[in-house]
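For reference, the structure discussed in these notes is given below.
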Ligand SMILES: C[S@@+](CC[C@H](N)C(=O)[O-])C[C@H]1O[C@@H](n2cnc3c(N)ncnc32)[C@H](O)[C@@H]1O
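Residue numbers (the working numbering): 5 to 284.
Set out below in structure tokens:
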């Protein structure tokens with residue numbers, strides 16, 4: 005499933021809109037008059053421009069003043085996601101969050117003296133990478149779905165602009181994050197020995213179990229857009245050949261091990277767990 009339309013909601017972003025429309029070979033619809041409209045009005049406008057076909061969800065880019073979002077136009081709602089590194093909620097979480105005591109920090113082997121270089125092979129919207137970079141790690145990310153890559157690239161750019169004006173500590177974090185649009189397996193196979201990351205982090209898509217409200221809206225949109233990463237077993241094998249120190253796999257708590265391979269140890273949370281594979 006691919007994005008079929010771009011709605012521009014900020015007149016100042018015409019150049020970016022044209023660039024994206026060409027990249028995705030999709031038409032642009034001008035919704036600049038809705039720059040300050042309520043979400044319901046924007047939803048009505050978007051609906052009036054997409055073909056209604058209830059059996060299949062459709063995806064639309066929305067280019068706001070605050071950045072790029074991808075919306076899934078479904079029968080009864082419009083779910084939208086974006087990569088957010090600079091809203092007040094994210095700033096609050098960054099400043100008051102769990103620090104090095106977080107499970108993800110323990111899983112990658114972060115401690116008071118070491119902040120390893122992490123390669124986040126399955127970056128998505130960059131949430132996990134951002135946590136790790138906030139804790140001092142340098143992080144290289146790959147994302148292979150062009151729509152998701154575009155959201156992530158835009159989120160990083162918007163946060164950089166905001167941080168440059170308002171918060172230099174955010175800029176320092178973003179400088180530790182590097183995005184590469186690539187398939188992870190292809191990327192890892194290009195690495196020379198000296199370029200190999202200390203830690204490879206994998207968080208592939210897992211089949212959705214329920215449509216309940218507990219499934220985060222981001223995940224619902226991702227499941228419709230991407231489906232399942234059915235090649236993730238193979239990714240574990242390549243990751244193990246690439247990681248100098250360890251591979252960390254984030255899984256839903258009840259999911260089987262990737263490639264059926266038992267990890268060296270597991271850190272278990274309420275809904276997720278981290279499987280840690282140490283390099284030999
Ligand atoms: C569950 S999401 C990752 C969420 C991410 N950890 C976060 O915090 O936002 C999985 C992402 O990995 C990407 N992905 C899966 N396999 C990949 C591969 N071989 N190469 C690059 N990206 C991949 C998918 O397109 C999807 O966006």
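Yeah, the Cβ is synthetic: ideal placement off N, Cα and C, and Gly gets one too.
Starting from residue i and walking both ways along the beta strand (DSSP E), at which residues does that stretch end?
i	result
residue 143	143 to 147
residue 54	Where residue 54 is concerned, there is no enclosing beta strand (DSSP E), given that its DSSP letter is neither H nor E.
residue 12	7 to 12
residue 256	250 to 256
residue 180	From DSSP, residue 180 is part of no beta strand (DSSP E); its letter is neither H nor E.
Between which residues of its own chain and residue i is the CB-CB distance below 7 Å, once the five residues before and five after are set aside?
i	result
residue 256	210, 275, 276
residue 72	65, 86, 154, 155, 158
residue 30	7, 8, 9, 10
Please state whether the Cβ-Cβ distance between residue i and residue j is less than 8 Å.
i	j	result
residue 162	residue 168	no
residue 139	residue 160	no
residue 112	residue 252	yes
residue 233	residue 262	no
residue 7	residue 63	yes
residue 199	residue 147	no
residue 278	residue 254	yes
residue 201	residue 127	no
residue 281	residue 244	yes
residue 54	residue 77	yes
Just to check, is the beta-carbon of residue i closer than 7 Å to a non-hydrogen atom of ligand 1?
i	result
residue 23	no
residue 262	no
residue 132	yes
residue 233	yes
residue 129	yes
residue 83	no
residue 79	no
residue 192	no
residue 125	yes
residue 146	yes
residue 41	no
residue 150	no
residue 181	no
residue 120	no
residue 61	no
residue 226	yes
residue 178	no
Between residue i and the rest of its own chain, which residues show a CB-CB distance below 8 Å, the 5 nearest in sequence each way excluded?
i	result
residue 143	121, 122, 123, 124, 133, 136, 137, 180, 181, 182
residue 22	32
residue 151	6, 7, 28, 63, 65, 74, 229
residue 193	242
residue 265	240, 281
Grab me the residues of residue i's own chain with a C-beta within less than 6 Å of its C-beta, minus the 5 sequence neighbours each way, in chain order.
i	result
residue 17	67
residue 82	47, 75
residue 270	277, 279
residue 273	107
residue 130	87, 156
I'd like to know whether the C-beta of residue i is nearer than 8 Å to at least one C-beta of chain D.
i	result
residue 88	Given the protein chain composition of this structure (a single chain), no chain D is represented.
Quick check on the DSSP output: the alpha helix (DSSP H) that includes residue i runs from which residue to which?
i	result
residue 98	92 to 100
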